[in-house]
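Novice:
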Amino acid sequence: MSLWQTRVVKEDELQAMNPPKFDMIEDMAMLTHLNEASVLYNLKRRYSHWMIYTYSGLFCVTINPYKWLPVYTAPVVAAYKGKRRSEAPPHIYSIADNAYNDMLRNRENQSMLIT
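Counting along the sequence shown from 1, when you hit position 41 you're at 41 in the UniProt record's numbering, and nothing is skipped either side.
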């Protein structure tokens with residue numbers, strides 16, 4: 001058995017690929033082709049650049065880097081304070097700050113699901 005093998009794949013088994021302008025996109029809801037392959041590719045590309053947070057519509061996907069990254073420092077907190085989600089790269093601080101500000105502005109309880 002050789003290391004390289006030729007495999008024939010049926011056309012209906014292929015998944016559409018996104019144009020290069022969508023590489024490492026911050027919000028996967030913006031992908032033109034939202035399928036398993038494109039989601040995994042985007043997450044892999046972002047993770048390879050230590051971008052551990054990625055939005056997927058209303059959700060924030062986080063990949064554990066299993067190492068310390070300087071993403072929880074006071075300057076990072078300050079960078080997200082008072083900004084809309086679209087004004088800064090994906091981060092848990094953005095989610096928290098937006099929920100807090102929505103609570104103050106709308107006087108409604110907020111909830112988060114972290115799994």
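Ideal Cβ placement from N, Cα and C applies to all residues, glycine included.
Where does VAL39 fall in DSSP's three states?
Specialist: Taking the sequence shown and counting its residues from 1, one reaches residue 39 at position 39. Note: VAL39 maps to helix in three-state DSSP.
Novice: Per the DSSP calculation, TYR55 is bridged to which residue(s)?
Specialist: Position 55 of the sequence shown holds residue 55. TYR55 is bridged to ASP27 and CYS60.
Novice: Can you list, in chain order, the residues of its chain with a C-beta nearer than 8 angstroms to that of ASN35? Leave out the 5 residues immediately preceding and following it.
Specialist: Taking the sequence shown and counting its residues from 1, one reaches residue 35 at position 35. Cβ within range, chain order: GLN15 and ALA16.
Novice: Take every Cβ of the segment 32 to 46, pair it with every Cβ of the segment 70 to 89, and state whether three or more of those distances are shorter than 8 angstroms.
Specialist: The segment 32 to 46, when compared against the segment 70 to 89, does not touch it at the 8 angstroms Cβ threshold.
Novice: Using a Cβ distance threshold of 8 angstroms, determine whether the segment 2 to 10 contacts the segment 67 to 74, with at least three qualifying pairs required.
Specialist: Segments in contact, no.
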